[in-house]
Every structure is written in structure tokens, then in C-alpha cells.
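Chemist: Here's a structure for you.
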Amino acid sequence: SVRRVSVPQIMARKGGDPIVSLTSYHAHTAAIVDRHADFILVGDSLGMVMHGMDSTLGVTVDMMITHGRAVVRGSQRALVVVDMPFGSYEESPSAAFRNAARIMQETGCGAVKLEGGARMAETIRFLTERGIPVMGHIGLTPQSSNVMGGFRTQGRDSESWPRHEADAVAVAEAGAFAVVLEGMVEPLAARITGMIPIPTIGIGASARCDGQILVLEDMLGLNPRPPKFVKVYGDLGDRIETAVRNYAEDVRSRSFPGDDEVYR
Ligand code: KIV
Ligand code: NA
Numbered sequence: 006s007v008r009r010v011s012v013p014q015i016m017a018r019k020g021g022d023p024i025v026s027l028t029s030y031h032a033h034t035a036a037i038v039d040r041h042a043d044f045i046l047v048g049d050s051l052g053m054v055m056h057g058m059d060s061t062l063g064v065t066v067d068m069m070i071t072h073g074r075a076v077v078r079g080s081q082r083a084l085v086v087v088d089m090p091f092g093s094y095e096e097s098p099s100a101a102f103r104n105a106a107r108i109m110q111e112t113g114c115g116a117v118k119l120e121g122g123a124r125m126a127e128t129i130r131f132l133t134e135r136g137i138p139v140m141g142h143i144g145l146t147p148q149s150s151n152v153m154g155g156f157r158t159q160g161r162d163s164e165s166w167p168r169h170e171a172d173a174v175a176v177a178e179a180g181a182f183a184v185v186l187e188g189m190v191e192p193l194a195a196r197i198t199g200m201i202p203i204p205t206i207g208i209g210a211s212a213r214c215d216g217q218i219l220v221l222e223d224m225l226g227l228n229p230r231p232p233k234f235v236k237v238y239g240d241l242g243d244r245i246e247t248a249v250r251n252y253a254e255d256v257r258s259r260s261f262p263g264d265d266e267v268y269r
């Protein structure tokens, strides 16, 4: 079997060739993403994309394990990173360790991701010192949308920059191997990327990051209202609609199954 991309290999890409990443929540898409991406994120965005929830807050450790397993089985080369869901890591470093260890043991993933900057530094250190690689996630952090009062692009006001910079430095010093910068104005993302020794992975955070990530279904055209920062590379929504319509017509007109699809 092929060796997977390792955490040190991702770290070594700081300032080098851009790191490529997409989300995946299931085996067939994982196999495709695996041929092109450096790491695959099993994001808690699966709450909305796979389960029709209206936020990530209802996602559980069990859901992350179900989808994380599918992605590990479906891929062979990329590093697989699994999101720690809301409620599974904030309370204490030891609670975070227990849940992260369970996620790693039951999925076979290579790292976990958790949201929060300075406030999560102690936890990030606790995990990394005990063998669990952690990817940070700062800027717009969807799991704290109720506290932040929605989903606003971060850093529009330069008074907030020192807080975001301190978050980035804290996450890096705590031992995170990379950090997602989400929903952040370009000059702040550029400043942070230049400030810390670990790769920054942008989503809605400009090209001035060490890598990029998008939600796969957003870039494939399955989200009817994609955010502004998404470039839509495919029209899967339209193509699935057409395929399903054609199938329905064929069944109704008795042209499916046809001669080719029958056991004689
Ligand atoms: O859950 C997710 O998909 C994510 C990425 C968008 C970074 O956290
Ligand atoms: Na997430």
C-alpha cells in the first residue's frame, strides 16, 4: 500500500508549493480527492451538507467517526484530518484527548482539527505532546457563531487584528502543525501567514496563505447558494437533476430497464 502524506510533510510546505485540500465525507468522493489533494478534511460541515442541519452545532463525535472511517477507507495517499465537533473538546484538555484519541482509533485518520486560538492553546499542547497532531482553525469559527452573532468576515476593523494575530501565534506555539484561516480579509491573512512558522490553509482568506481548502460540494455546484469566496468548478447539481429526470421519464415510459439491463 502507498504511504500517506505525513504531518511533517505538510509542515515542510510552509512558504513553498501551495497545499491543496478539499473536504470529503464519503468513500467515492474521497477516492477522487485523494488523487489530487495533499490532505482531505472530514469537516463538521457534513452536518449541513450530509445531514441537512442548519449549523455545525448538532454534529456529534459518532457522526464524525462514521464519515471519517468512510473517507479513510476510500483514500490511500492523502493525509486525512477529522474535525472535532462542538462539545467534544472545549471543556478540558483531558476530555479533548479522550475524544480525539477515539476519533483517531476508530477512523484511522492522521490528525484532528479544532476551532479556537489562544483559548485552545493549552488543549492543542496537551494533544500534540501525547501523539495527536492538531490542525488549528481561527478567524471565522462557525462553532462559536452564537457568541460572535453570525458569520462575519474577520479583520475588517484593524483593531481586531492583534487578537487574530495572537490567536495564530498561540496555536503555532502550542504545537499545531497547520492552521485554517477562515473568513478573513486578505491583508490580515497575509500578515498572519508571514508571522507564524506553520502553514496557513485559507478558506475565504485570499491567496496569501500557504494552502487552500473548499467544501467539495460547494465547488462542485451542489450548493444552490454558495458563499462569495467559493469558485464553482463543476455543475453537479444540474447534472444530477438531469440524470434523475431522465431516469424518472424512462421508468414512466417503460424504457428502463431495457434489453441491456435485463437478466435473461
Ligand atoms: O467543516 C469544514 O468543512 C471546515 C472547512 C471549511 C475548513 O472546517
Ligand atoms: Na469545520
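Using full-length UniProt numbering, you'd call the opening residue of the sequence shown number 6 and step up by one each time.
All C-beta atoms, glycine included, are put in the ideal place defined by N, C-alpha and C.
Please list the terminal residues of the continuous alpha helix (DSSP H) segment that includes residue 119.
Modeler: Careful: residue 119 lies outside any alpha helix (DSSP H) and carries neither H nor E.
Chemist: With distances taken between CB atoms, is the gap from residue 116 to residue 84 smaller than 8 Å?
Modeler: yes
Chemist: Between which two residues does the beta strand (DSSP E) containing residue 217 stretch?
Modeler: 216-219
Chemist: Starting from residue 26, trace the beta strand (DSSP E) in both directions and tell me its first and last residue.
Modeler: 24-28
Chemist: With 16 other CB atoms within 10 Å as the buried threshold, where does residue 267 fall?
Modeler: exposed
Chemist: For my contact list, residue 217 and residue 207 are in at a C-beta cut-off of 8 Å; report their separation, rounded to the angstrom.
Modeler: 5 Å
Chemist: Would DSSP call residue 179 helix, strand or coil?
Modeler: The answer is coil: DSSP assigns residue 179 none of H, G, I, E or B.
Chemist: Confirm, please, whether the CB-CB distance from residue 143 to residue 169 is below 8 Å.
Modeler: Their beta carbons are under 8 Å apart, which means residue 169 touches residue 143 by this criterion.
Chemist: If I measure Cβ to Cβ from residue 231 and keep anything under 7 Å in the same chain, skipping five residues before and after, which residues do I get?
Modeler: 223 and 237
Chemist: Rounded to whole angstroms, how far is the Cβ of residue 112 from the Cβ of residue 87, which I believe are closer than 8 Å?
Modeler: 6 Å
Chemist: Can you grab the Cα-Cα spacing for the pair residue 211 / residue 195, in whole Å?
Modeler: Roughly 8 Å between the two C-alpha positions.
Chemist: Could you tell me whether the stretch 178-186 touches the stretch 125-141, using the rule of 3 or more Cβ pairs below 8 Å?
Modeler: yes
Chemist: If you check the beta carbons only, do residue 220 and residue 205 fall under 8 Å apart?
Modeler: no
Chemist: Hey, is residue 149 close to the ligand KIV, as in C-beta under 7 Å from one of its heavy atoms?
Modeler: Taking 7 Å as the cut-off, the C-beta of residue 149 does not count as close to any heavy atom of the ligand KIV.
Chemist: By the DSSP assignment, the alpha helix (DSSP H) with residue 237 in it spans what residues?
Modeler: That residue, residue 237, is in no alpha helix (DSSP H); it is neither H nor E in DSSP.
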